[in-house]
Amino acid sequence: MSGHSKWKTIKHKKGAADAKRGLLFTKLSRDIVLAAKQSGGADPDMNYQLRLAIDKAKSSNMPSDNIDRAVKRGAGEGGDAEQLEEILYEGYGPGGAAIMLQAITDNRNRTASNVRATFSKSGANLGDAGCVAWNFDSKGIITLEVDEAKAEEIALSAIDAGAEDVKLDQNFVEVFTAPEDLIRVRQSLEAAEVPISTAELSMVPKTTVELDEKQAEQTLRLLDLLEDLEDAQKVYTNADFPDAALEKYRSEA
Numbered sequence: 000m001s002g003h004s005k006w007k008t009i010k011h012k013k014g015a016a017d018a019k020r021g022l023l024f025t026k027l028s029r030d031i032v033l034a035a036k037q038s039g040g041a042d043p044d045m046n047y048q049l050r051l052a053i054d055k056a057k058s059s060n061m062p063s064d065n066i067d068r069a070v071k072r073g074a075g076e077g078g079d080a081e082q083l084e085e086i087l088y089e090g091y092g093p094g095g096a097a098i099m100l101q102a103i104t105d106n107r108n109r110t111a112s113n114v115r116a117t118f119s120k121s122g123a124n125l126g127d128a129g130c131v132a133w134n135f136d137s138k139g140i141i142t143l144e145v146d147e148a149k150a151e152e153i154a155l156s157a158i159d160a161g162a163e164d165v166k167l168d169q170n171f172v173e174v175f176t177a178p179e180d181l182i183r184v185r186q187s188l189e190a191a192e193v194p195i196s197t198a199e200l201s202m203v204p205k206t207t208v209e210l211d212e213k214q215a216e217q218t219l220r221l222l223d224l225l226e227d228l229e230d231a232q233k234v235y236t237n238a239d240f241p242d243a244a245l246e247k248y249r250s251e252a
C-alpha cells in the first residue's frame, strides 16, 4: 500500500482524538445542516449525502437531539442554516504536493484569513481556485479492518457489491465506489456482517507526489494544523509519504 493510503489509515485511527478537541460535534452538525440544505432535503432516505452525514455523526456518538436539530436547521426550521456556505481552498504544501481543504463557514473572511495564515507559516502556498482540484476525483471510500486471512474474500465481496476498486494491506481494506453507490455497497457489506471502520465521500488523487522525509514531516504537520481549524471539514492531499515519516507521525499521535 502506498504512503498516501497508509497516511489515511493512520489518520482514521487517530480520529478518536478529534472528540477531545471540542470541535467535533460542531463540524458534524455543519455537515448535516449543509447536506439537508443543498443536497435534496431533510429525508435521509432520499438524500444520500445527508444519510452519510447522519451516520458519521452517530458513529462519533453525537447525541440524537443534536442530529435532529441540525437536520431541522438545514431544512430551514432554524435561524442559521442560510448563513453557512461551503468553500474549497486549494494550494501546495512543502515539496509541492497538492492540498485541498473543504470548509463550511458562517464567516468567509475569517476562514480565508485563518487558512492563508496556516499555509504561510507552514512554508506552503495557497493557490487560486482550480489549481489542484483537477487532479482529484470524488469517490466513496469504505475502510475495513478484518482478519488478514479473510481480507481477499471480503475484497471480492465488495467488488461483487458494486465497488470500483479495492486496496489491501494485510488486515486493512480500502473499498472505492462511485459516490452514489457508497451507501448500497456499505449496506451490502454490513449485511454480510463485515466490520466497517468508516464510510464517507472523499476526494481521491489521480496521481501522487513522493516527498522526502523532511518534506513529509512538514506536510503532515500542515495537514494536522488545517484539520484543527474551526471551519475545516475535510483536508485532502496527493502527497505520498515515506514510511519513516509515517512511523514518526504515528508515534506522536
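All letters in the sequence shown, in the order written, are residues 0 to 252 by numbering that gives the first Met the number 0. Every residue, glycine too, gets a C-beta built ideally from N, C-alpha and C. These numbers were taken from a predicted model, which means no experiment stands behind them.
Take residue i and list the residues in its own chain whose beta-carbon comes closer than 6 Å to its own, dropping the five residues that flank it on each side.
i, result
"Arg249", "Ile9"
"Leu181", "Gly139"
"Gln214", "Pro93 and Gly94"
If you reduce the DSSP assignment to three classes, tell me which class residue i lands in.
i, result
"Asn170", "coil"
"Ala157", "helix"
"Phe24", "helix"
"Thr8", "helix"
Ignore the nearest five residues each way along the sequence and tell me which others in residue i's own chain have a CB closer than 8 Å to its CB.
i, result
"Glu257", "In the structure displayed, the chain extends from 0 to 252; residue 257 sits before or after that span and is not available."
"Glu260", "In this structure the chain extends from 0 to 252, so residue 260 is not present and cannot be described."
"Thr206", "Asn134 and Asn237"
"Asp211", "Gly94 and Pro241"
Assuming the contact rule is C-beta atoms closer than 8 Å, residue i and residue j should be a hit. Round their C-beta distance to whole Å, please.
i, j, result
"Leu258", "Ala157", "Outside the shown range of the chain (0 to 252) lies residue 258, about which nothing can therefore be said."
"Ala97", "Thr218", "So it is not a contact: roughly 11 Å between Cβ atoms."
"Leu221", "Ser121", "4 Å"
Out of curiosity, what's the CA-to-CA distance linking residue i and residue j?
i, j, result
"Asn134", "Pro194", "31 Å"
"Asp136", "Arg29", "23 Å"
"Asp227", "Pro204", "22 Å"
"Asp54", "Lys26", "14 Å"
"Glu163", "Phe175", "6 Å"
"Phe240", "Leu225", "18 Å"
"Tyr88", "Gly129", "9 Å"
"Gly126", "Ala191", "44 Å"
"Asn46", "Ala35", "8 Å"
Considering only residues of the same chain and omitting the five flanking positions on each side of residue i, which have a CB-CB separation below 7 Å?
i, result
"Val32", "Ala69, Arg72, Gly73, Ala80 and Leu83"
"Glu179", "Tyr47"
Give the single residue among the options whose Cα lies nearest to the Cα of residue i.
i, options, result
"Thr197", "Lys120, Pro93 and Phe171", "Phe171"
"Pro93", "Ser119, Gln101 and Ala52", "Ser119"
"Glu85", "Tyr91, Ala123, Met99 and Ile103", "Ile103"
"Gly146", "Lys7, Gln169, Leu155 and Asp159", "Reading off the sequence shown, one finds Asp at residue 146, where the question assumed Gly. Of the listed residues, the one whose Cα sits closest to Asp146 is Gln169."
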